[in-house]
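Structure first, then comments.
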Amino acid sequence: VEPRKYRFRILNASNSRILTLKLDSGQPFYQIGTDGGFLEKTVKVNEMILMSAERVDVIIDFSQYYGQTIILKNVTKSASPETTDVMQFRVTVPLRSTDTSSLPYYLGGFKRLPRSMAKRTRDLTLVRIKDQYGRSLNLLDGKMWIDRISERIEVDTVEIWRIINTIDDDPHPIHIHLVDFQILDRQPFDVSHFQKTGNLIFTGPPIPPDPYETGLKDTVRTPFGYVTSIIARFGPFTGRYVWHCHMLEHEDHEMMRPIEIYKTEDAEK
Numbered sequence: 015v016e017p018r019k020y021r022f023r024i025l026n027a028s029n030s031r032i033l034t035l036k037l038d039s040g041q042p043f044y045q046i047g048t049d050g051g052f053l054e055k056t057v058k059v060n061e062m063i064l065m066s067a068e069r070v071d072v073i074i075d076f077s078q079y080y081g082q083t084i085i086l087k088n089v090t091k092s093a094s095p096e097t098t099d100v101m102q103f104r105v106t107v108p109l110r111s112t113d114t115s116s117l118p119y120y121l122g123g124f125k126r127l128p129r130s131m132a133k134r135t136r137d138l139t140l141v142r143i144k145d146q147y148g149r150s151l152n153l154l155d156g157k158m159w160i161d162r163i164s165e166r167i168e169v170d171t172v173e174i175w176r177i178i179n180t181i182d183d184d185p186h187p188i189h190i191h192l193v194d195f196q197i198l199d200r201q202p203f204d205v206s207h208f209q210k211t212g213n214l215i216f217t218g219p220p221i222p223p224d225p226y227e228t229g230l231k232d233t234v235r236t237p238f239g240y241v242t243s244i245i246a247r248f249g250p251f252t253g254r255y256v257w258h259c260h261m262l263e264h265e266d267h268e269m270m271r272p273i274e275i276y277k278t279e280d281a282e283k
């Protein structure tokens, strides 16, 4: 690369690997976008977590690093040694022309959905059970793919989904097809009490999304022991599509459920 600014669109296309991206030079990323488009304002971050299917749009400024080699690292604690080096940048190409670009500050607004607009709040659990052969099986809200559709939503309706993760391993990247949503917060809860009674007792205050998650999203990180709340307008598309965990082995083994978005007049026929 030349010693100038470059824009990168990054997708975590791994089956299930978590990427915590950081530049070994210590320089920041300037993030301008998420899964669903631009952020309102550029966010300066030193590292970011990307689950399977999550995307970020970033600018990296190499202007002060001519002659250096920079490694994009995966610093996730569970990363195996062969997956810690993601990409190498060699800042060795002479500058062909003056870099007249500048980092944007304001990128444009989008309509935020206040909680008051939600017509319904759904509690949806991530649970682990054993199948008839004793094998582990992860499920969405305790249901199999073939079970009746339980998420039927009138088109253009705003809902809050509270995703309750009781599965004690890595966070699950929950993806909703054809819907852009906003992350409201994540709040810790007493998992044992919930599993025994079905009642939520929160053990701490709600935590707002990280700065690099504040744009429109279609995939969200849902850590164990937290209720992850999102808000979405389910439209403009009608029909049947899906929501699922985006870890490939999970979505292929029952961690996927259908959604039906309908018009009132169609439902009455």
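The sequence shown maps to residues 15 to 283 in the numbering used here.
Even glycine gets a Cβ: it sits at the ideal position worked out from N, Cα and C.
#### Entry: Contact belief for P250 with V169 at Cβ below 8 angstroms, rounded distance in angstroms
7 angstroms
### Query
Helix, strand or coil for V57 per DSSP?
strand
### Message
Under DSSP, the beta strand (DSSP E) around G262 begins and ends at which residues?
### Response
A small correction: the amino acid at residue 262 is Leu; Gly does not occupy that position in the sequence shown. Looking at the DSSP string, L262 is not in any beta strand (DSSP E); the run it does join, the alpha helix (DSSP H), is 262-265.
### Message
Just to confirm before moving on: does the CB-CB distance between T180 and G239 stay below 9 angstroms?
### Response
yes
#### Entry: Alpha-carbon spacing of D182 relative to D145, whole angstroms
18 angstroms
### Message
For A67 and L262, I'd like the C-alpha separation in whole angstroms.
### Response
Counting only the Cα atoms, L262 lies some 10 angstroms from A67.
### Query
Going straight from the alpha carbon of A93 to that of T211, what length do you get?
36 angstroms
### Query
Among G81, R69, L86, which one has its Cα closest to the Cα of N60?
L86
### Query
Going along the chain, which unbroken runs of the beta strand (DSSP E) with 3 or more residues stay wholly within the region 219-259?
233-236, 240-248, 253-259
#### Entry: Segment limits, alpha helix (DSSP H) that includes K210
205-211
### Query
Taking the runs of the beta strand (DSSP E) that are 3 residues or longer, which of them lie wholly in the region 99-157?
99-104, 134-144, 150-154
### Task
Would you list the residues sitting across from W159 in a DSSP beta bridge?
Per DSSP, none; premise fails for W159.
### Task
Confirm, please, whether the CB-CB distance from I32 to L64 is below 9 angstroms.
yes
### Query
Does DSSP put P187 in a helix, a strand or coil?
strand
### Query
Which whole-angstrom value is the C-beta distance of D199 and I221, which I expect to be below 8 angstroms?
6 angstroms
### Task
Please determine, among P225, R235, D266, the residue with the shortest C-alpha to C-alpha distance to T56.
P225
### Message
Tell me which residue opens and which closes the beta strand (DSSP E) that N179 is part of.
### Response
For N179, the uninterrupted beta strand (DSSP E) segment begins and ends at 171-179.
#### Entry: Residues near Y120 in its chain [Cβ-Cβ closer than 6 angstroms; skip 5 each side]
K55
### Message
Tell me which residue opens and which closes the beta strand (DSSP E) that G40 is part of.
### Response
Careful: G40 lies outside any beta strand (DSSP E) and carries neither H nor E.
### Query
Between which two residues does the beta strand (DSSP E) carrying T83 extend?
83-88
### Query
Helix, strand or coil for P202 per DSSP?
For P202, the secondary structure class from DSSP, reduced to helix, strand or coil, is strand.
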